[in-house]
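Position 148 of the sequence shown, counting from 1, maps to 149 under the working numbering, and the rest follow consecutively. Inspection log for the structure reproduced underneath, given as structure tokens.
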Amino acid sequence: MPPRAMWTGQLRLSLVSFGVRMYAATESSKRVAMNQLHKDCHQRVRNQLHCPVHGAVNREDVVKGYAYEKDTYIVIGADDLEGIKLPSTKTIDLVQFVDADEIDALYFNSPYFIGPDGPVAEEAFRVIREAMRRTGKVGIGKLVLQGREHIVALSVNGKGFLMTTLRYASEVRSGEDVFRDIADGEIDQEQLSLAESIMKSKEAAFDPTKFRDQYQEAFFEIVKAKLEGEKPILVEDEDAAVAFNFMDALKESVAKVQKTGPRKTTKKTTKKKPPAKSVGAKKKRQRKTG
């Protein structure tokens, strides 16, 4: 059974429209999050609003402002924002189709799953899905969410669609200024061949389940150790080489790969997050964490 839809509306292509549901495609609650506590009593502290002229202020005395010059603001009220708030049309309006490689990865923002809104919408949903699958195209559309219009890219994803919001051109920086000073010198062909050999040895189908969030796993090991009154020993980073010979490093890497073969990543079961609680001072003993 699919999860609860976060949005319900219509997908429109020219004169064709049918009901769809939108679902979150990512899980932000899995990320490590910490709160600020008072170090003496371990109670959570609250952020206090402060005016440099009048000191502490209440939230109801705070307004929003836009800084059009340094330290100069135009106050923007709720009524002002209501005047520019776009009405929600509850429609994903597909306006054009492009090849997937035409969209620079810089423009991709937030992903969502799109499924049919019940059995009545399934026939039209499947027809459009298969037409997009055959042509290999990605649909570019517009969608109003929370009063703002978003550009979206709609692509086939299994039995459904993946819709990704796109950044506007004004939100994306050009890399030209960053890369301008990189020289266009000759490439050493032997070094190039060695680098390609290393990459070739590491070719594999992408499997995201083979990658683990090692920081999160280590974090929960620390939490577990503290709950048990133990003191974890953190592993220090290895010192990076200050200088090295690039050619020697390439040759050594190739020799290592030829000797050991491609590195295999083993799947490890992710530890469940233990219950959060304030841990008082306990007698601690040394324990090494992986």
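Where is the CB? At the ideal position from N, CA and C, for every residue including glycine. Remember, predicted model here, so these are calculated numbers, not experimental data.
**Message:** What does the alpha-carbon distance come out to for the pair F109 and E229?
**Reply:** Going by the C-alpha atoms only, they are around 43 Å apart.
**Asked** Which word fits F114, buried or exposed, when buried means at least 16 other C-beta atoms lie within 10 angstroms of its C-beta?
**Response** By the neighbour-count rule (16 or more Cβ atoms within 10 Å), F114 is buried.
**Own chain partners of V17 with C-beta closer than 7 Å, once the 5 adjacent residues on each side are dropped** = A125, listed in sequence order.
**Prompt:** Does the Cβ-Cβ distance between K138 and V96 come in under 8 Å?
**Reply:** Between K138 and V96, the CB-CB gap reaches or exceeds 8 Å.
**Request:** Please classify F180: is it buried, with 16 or more other beta-carbons within 10 angstroms of its beta-carbon, or exposed?
**Result:** With fewer than 16 Cβ atoms within 10 Å of its Cβ, F180 is classed as exposed.
**Message:** Please list the terminal residues of the continuous beta strand (DSSP E) segment that includes L155.
**Reply:** Run containing L155: 149-158, per the beta strand (DSSP E) assignment.
**Request:** Check R13 in the structure and name its three-state DSSP category.
**Result:** Residue state for R13 is assigned as strand, using DSSP reduced to three classes.
**Asked** What's the C-alpha gap between G78 and G56?
**Response** When only Cα atoms are considered, G78 and G56 end up about 23 Å apart.
**Asked** Is DSSP giving E187 helix, strand or coil here?
**Response** Coil.
**Asked** Does the beta-carbon of A250 have 16 or more other beta-carbons within 10 angstroms, so that it is buried, or is it exposed?
**Response** With fewer than 16 other Cβ atoms inside 10 Å of its own Cβ, A250 counts as exposed.
**Request:** Ignore the nearest five residues each way along the sequence and tell me which others in V76's own chain have a CB closer than 7 Å to its CB.
**Result:** Hits under 7 Å: V64, G66.
**Prompt:** Roughly how many angstroms lie between the CA atoms of Q37 and E218, to the nearest whole one?
**Reply:** In a straight line, the C-alpha of Q37 is about 21 Å away from that of E218.
**Prompt:** If we count the other Cβ atoms within 10 Å of its Cβ and call it buried at 16 or more, is G281 buried or exposed?
**Reply:** Unreliable placement is indicated for G281, whose pLDDT of 44 sits below 50; the coordinate value is still reported in the next sentence. Label assigned to G281: exposed.
**Request:** Whole angstroms is fine: what's the gap from T166's alpha carbon to A132's?
**Result:** Rounded to the nearest whole angstrom, the CA to CA distance from T166 to A132 is 22 Å.
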